[in-house]
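2 protein chains.
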Amino acid sequence: MLITIDRNHPEPLYIQIKNRLRALIESGSLPPGYCLPPERKLAESLGVNRTTVLNAYRDLKSEGFLSSHVGQGTVVCRPVSMPDIEASAPLPLSWRHVYNQNADAYSSDITREILAIAGQKEMISFAAGIAIPELNPIAEIQEIWKCINEKYGASIFHHVPVEGLAALRQSICTLSGSRGIRAAEAETMILSGSQQGLDLLARLFVSPGDTVIMEEPSFFCARQIFEGCGARIIGIPLDETGMNLSMLESVLKRLKPKFIYTIPTFHNPTGAVMSLQNRQELLRLAYRYHLPIVEDDAYGELRYDGEQVPSLKALDNHGYVIYLSTFSKVLFMGLRIGWLHAPAQVIQKLTSVKQLSDLHTNSLAQYILDAFIRNKYYERHVRRVLAANKERRDIMHEALVRYAPKDIPLKWAVPQGGLYFWLQLPDSVPMARFYEESVRNGVVFVPDRVCCLEEPLGNHIRLNFTYPAADRISEGVRKLMEALEKVYRESEHAICTPGGYAPIL
Amino acid sequence: MLITIDRNHPEPLYIQIKNRLRALIESGSLPPGYCLPPERKLAESLGVNRTTVLNAYRDLKSEGFLSSHVGQGTVVCRPVSMPDIEASAPLPLSWRHVYNQNADAYSSDITREILAIAGQKEMISFAAGIAIPELNPIAEIQEIWKCINEKYGASIFHHVPVEGLAALRQSICTLSGSRGIRAAEAETMILSGSQQGLDLLARLFVSPGDTVIMEEPSFFCARQIFEGCGARIIGIPLDETGMNLSMLESVLKRLKPKFIYTIPTFHNPTGAVMSLQNRQELLRLAYRYHLPIVEDDAYGELRYDGEQVPSLKALDNHGYVIYLSTFSKVLFMGLRIGWLHAPAQVIQKLTSVKQLSDLHTNSLAQYILDAFIRNKYYERHVRRVLAANKERRDIMHEALVRYAPKDIPLKWAVPQGGLYFWLQLPDSVPMARFYEESVRNGVVFVPDRVCCLEEPLGNHIRLNFTYPAADRISEGVRKLMEALEKVYRESEHAICTPGGYAPIL
Chain E
1 MLITIDRNHP EPLYIQIKNR LRALIESGSL PPGYCLPPER KLAESLGVNR TTVLNAYRDL
61 KSEGFLSSHV GQGTVVCRPV SMPDIEASAP LPLSWRHVYN QNADAYSSDI TREILAIAGQ
121 KEMISFAAGI AIPELNPIAE IQEIWKCINE KYGASIFHHV PVEGLAALRQ SICTLSGSRG
181 IRAAEAETMI LSGSQQGLDL LARLFVSPGD TVIMEEPSFF CARQIFEGCG ARIIGIPLDE
241 TGMNLSMLES VLKRLKPKFI YTIPTFHNPT GAVMSLQNRQ ELLRLAYRYH LPIVEDDAYG
301 ELRYDGEQVP SLKALDNHGY VIYLSTFSKV LFMGLRIGWL HAPAQVIQKL TSVKQLSDLH
361 TNSLAQYILD AFIRNKYYER HVRRVLAANK ERRDIMHEAL VRYAPKDIPL KWAVPQGGLY
421 FWLQLPDSVP MARFYEESVR NGVVFVPDRV CCLEEPLGNH IRLNFTYPAA DRISEGVRKL
481 MEALEKVYRE SEHAICTPGG YAPIL
Chain V
1001 MLITIDRNHP EPLYIQIKNR LRALIESGSL PPGYCLPPER KLAESLGVNR TTVLNAYRDL
1061 KSEGFLSSHV GQGTVVCRPV SMPDIEASAP LPLSWRHVYN QNADAYSSDI TREILAIAGQ
1121 KEMISFAAGI AIPELNPIAE IQEIWKCINE KYGASIFHHV PVEGLAALRQ SICTLSGSRG
1181 IRAAEAETMI LSGSQQGLDL LARLFVSPGD TVIMEEPSFF CARQIFEGCG ARIIGIPLDE
1241 TGMNLSMLES VLKRLKPKFI YTIPTFHNPT GAVMSLQNRQ ELLRLAYRYH LPIVEDDAYG
1301 ELRYDGEQVP SLKALDNHGY VIYLSTFSKV LFMGLRIGWL HAPAQVIQKL TSVKQLSDLH
1361 TNSLAQYILD AFIRNKYYER HVRRVLAANK ERRDIMHEAL VRYAPKDIPL KWAVPQGGLY
1421 FWLQLPDSVP MARFYEESVR NGVVFVPDRV CCLEEPLGNH IRLNFTYPAA DRISEGVRKL
1481 MEALEKVYRE SEHAICTPGG YAPIL
């Protein structure tokens, strides 16, 4: 706001200020609703007494140019002389008619809904897919902060290349090397979370009507992203050794999908680990049918026992596999840093898409993570995370054994890694009722339908064991089982009516 | 990698290790290409002598299971007994056939090209749209870091809501209030850079074939984003008072565009400021034709002299204007934080799109910016930026006056704000030749065709005055004018040939 005063002018200062403000209001430079600075502040900046400004404001109020309300400050009113741009009283805009045909794909807000419930104070959440929050390495981060400040100065706030900070890309190549993946810097791209990778791939590959193959069930956000680009999704059922490959091949004989999306290691939500043999067979199919594979390896590093199985990317020597991973399941989930390995030409194309999407990923976060890896804090932190996750997994398993009602047949495998139990309930348990009762009892989880394209087979729930504090896991399982027992008894009564089972969901 | 040894077993330890490694390689658990840990490291983790591991590795090498090269470490070879997944020697994948029909819209890499040239050591860049890099407030940031660590602890690395940290949204509402915009928290969304806002809006509003209206010329990334969603763009020419509204109305009578995208204040690239009268008339047209306006206010805060004109959003009382702004033109450009004001129902829908795009914006950056605003550092910093920008603008103006060749008619206005001069060259200057000669002379700029849909009218270049250091601006302008003079003389000779002008670009 430009106000100049002339101390040598015969006009009193407050009049000068008042006239100037009135001119600005009349010209529309200070529009209706504009908040003027507090008197004291304007007085300071003009080098006049507070009373001078007070007098100017008071006059303008009495002339109807300004109004003030407690807590709102001094606000410009609509002056009578201002041309009325609303002479014809416009209709409210119908935004629904502005949205495009994909807008409905953006309406499923299950994630937000579950997170909102999970965020309630007393709620015990088994619903999130979030790493142990207490393990964020605060001491190391202070070291890192010092170190990047000394080394890079203000650069940590400057722009970095679209495809990511070169140093971090190199660090990640080394990390991937230790997972058996050979990837050069040019085959590596930093993402604003690995979910951004799914989004960029969908935008580059999928046209409306294109087919995409996924496991059934699978990661629900991936499905929403593909559908948001107009993809037709085909779900291939999976067992504990991975997706049913003969079903996959029969699909590939009939259709030409754009790609297969798979989570081969500690599959979300089932926890399945695709066997080595199935991995090799899947690659053979990809080669035979010229089909890219998008491998989502968000959980592969989180193995607590059993033997490592190499990733599809590590087994692929022909550049058919696009590999996605993330730091968010281990630490700093809020920094939103993931990465992608793909043939250099695909990285180049994805870079053009990313450039339009968010220009580049937050620089500061990239400097922090790079230093974290180079200082060997990352390795050490992963070991801590593995130990802590394993402990919580065991607590949940023991609590399930302890609290599972004896006469209700439940099935689960102890996951060798990842973040979830996949608990099978009797078919007779009405899922919607169970979910409702469980939330009422203070525990939230992910019901299978959220992860499924079709009607769910069986009757499962996904239970995360890393987000709730160790001492609340048992309590949560106990409450969950109380809810289950209650709903199960209700449904037993329901079964007694002739006609037998009536699955509600 | 799981290796267990049994010290009580009669077999020597190195044989145990060797057999175990071989089994893992044969089963495929350690795939070809897998990097084994260095001998010393494995020895440490097993609690054996380094020689023990050395012997095991040596044997496996001689048997063809491992190989090692300097700098590469010890790597798993393809064992003969491993099932060959490549029996049928797969064809390389033709990625071009996997890309969708929009992929070509992602091929224009002018921004990256210009940034790459600008990044060369000795190059003086007038091409970027970047704030003064030296002004990033390093001292304040140390304060902020301490303050958010004490106040929030590890939360600064945790997830935050998709629509943004509540505290930052409130801070931004206050900031917008001081610009005359009344927006509630529910009408406010944090973006990963304001460019993400354009992307989310395009994805929510634009279907292939839909019309979008922009100024001609305009911000080239916005055009690319809209075209990436299949939009048909109509460009409305503008003069120094904003877009030609009678041309706009004649378009609106014939077509139903999805929205108008405009940069009313310190327009990019021309620097034009839409007059108050034109703003009111534009709103009238929007109301009459039920047309949303997307107002990009990246530069509005950067006014060095002249009078503030209220934003369209401040003038709009009917929720027709979606308002975008950013911190990146003032500070912390690498943090990628922008924001958007829109009716709450639109924010809700955009939140669903954003959730699939990057889940949420980097938390740490949001905590930093919120504290920066609350501690009043932001206000103070803006004042510093305004003073420094103004100084550089004046240096560039003076250099243009000093070095412009006397007989070459050049036209420019001194911009009252923003980051650019928009310099008009004689029509006879062949732009492509001039660009080439200027880069050869060590100066890069943005030629008008980059910002234009159609053949450019006139012959302009965009010169940024904030990114180059103050003492290099004069030097850059001198070199630019040398290049211009050289090319102009060449073209004078060309005009002498019968037939006259032959515009090359």
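Going down the list, the sequences are from chains E and V. Going letter by letter, the first sequence gives residues 1 to 505 in the working numbering. Going letter by letter, the second sequence gives residues 1001 to 1505 in the working numbering. Heads up, the beta-carbon is just placed ideally off N, CA and C, and yes, glycines get one too. Every value quoted in this text rests on a predicted model; they were computed, and no experiment measured them.
Can you tell me whether DSSP reads residue i as helix, strand or coil?
i, result
"V/His1069", "strand"
"V/Gly1164", "coil"
"V/Thr1497", "With a pLDDT of 42 at V/Thr1497, under the threshold of 50, the modelled position of that residue is not reliable, and the figure given next carries that caveat. Correct three-state label for V/Thr1497: coil."
"E/Gln424", "strand"
"V/Cys1077", "coil"
"V/Phe1226", "helix"
"E/Cys452", "coil"
"V/Tyr1261", "strand"
"E/Asn389", "helix"
"V/Thr1466", "coil"
"E/Trp412", "coil"
"E/Leu480", "helix"
"E/Glu402", "What sits at residue 402 of chain E in the sequence shown is Arg, not Glu. Looking at E/Arg402 - three-state DSSP - the assignment turns out to be helix."
"E/His460", "strand"
"V/Gly1119", "coil"
"V/Gly1271", "coil"
Considering residue i, what are the terminal residues of the alpha helix (DSSP H) in which it resides?
i, result
"V/Thr1351", "1344–1358"
"E/Asn55", "50–62"
"V/Leu1248", "1245–1254"
"V/Trp1095", "Looking at the DSSP string, V/Trp1095 is not in any alpha helix (DSSP H), and its letter there is neither H nor E."
"V/Ser1147", "According to the sequence shown, residue 1147 of chain V is Cys rather than Ser. Element bounds for V/Cys1147: 1138–1152."
"E/Arg20", "13–26"
"V/Ser1045", "1039–1046"
Buried or exposed, going by whether 16 or more other CB atoms sit within 10 Å of the CB of residue i?
i, result
"V/Ile1114", "buried"
"V/Leu1255", "exposed"
"E/Glu134", "exposed"
"V/Lys1411", "exposed"
"E/Ile138", "exposed"
"V/Arg1096", "exposed"
"V/Val1273", "buried"
"E/His9", "exposed"
"E/Gly500", "With a pLDDT of 34 at E/Gly500, under the threshold of 50, the predicted position of this residue should be treated as unreliable, and no value is reported."
"E/Lys329", "buried"
"E/His493", "exposed"
"V/Leu1091", "exposed"
"V/Ala1089", "exposed"
"V/Asp1084", "Confidence is the limiting factor: at V/Asp1084 the pLDDT is only 49, short of 50, which leaves the residue's position unreliable, though a coordinate-based value still follows. Exposed, by the Cβ-count rule."
"E/Gly119", "exposed"
"V/Asn1049", "exposed"
"E/Gly338", "buried"
"E/Thr174", "exposed"
"V/Leu1036", "buried"
"E/Val401", "exposed"
Taking the DSSP output, what are the residues bridged to residue i?
i, result
"V/Glu1216", "V/Pro1237"
"E/Asn362", "Partner(s): none; E/Asn362 has no beta bridge."
"V/Ser1125", "V/Val1444"
"V/Ser1325", "V/Trp1339"
"E/Cys35", "E/Val75"
"V/Arg988", "Outside the modelled stretch of chain V, which goes from 1001 to 1505, sits residue 988 of chain V, for which no answer is possible."
"V/Gly1417", "V/Arg1303"
Given 7 angstroms as the limit, tell me if residue i has its C-beta closer than that to any heavy atom belonging to the ligand FMN.
i, result
"E/Ile373", "No copy of the ligand FMN appears in this structure; indeed no ligand is present at all."
**Message:** Suppose only complete runs of 3+ residues qualify. What are the beta strand (DSSP E) ranges in the region 178–214 of chain E, listed by chain order?
**Reply:** 188–191
**Item:** Sequence ranges, alpha helix (DSSP H) only - wholly within the region 280–323 of chain E, length at least 4
**Value:** 312–315
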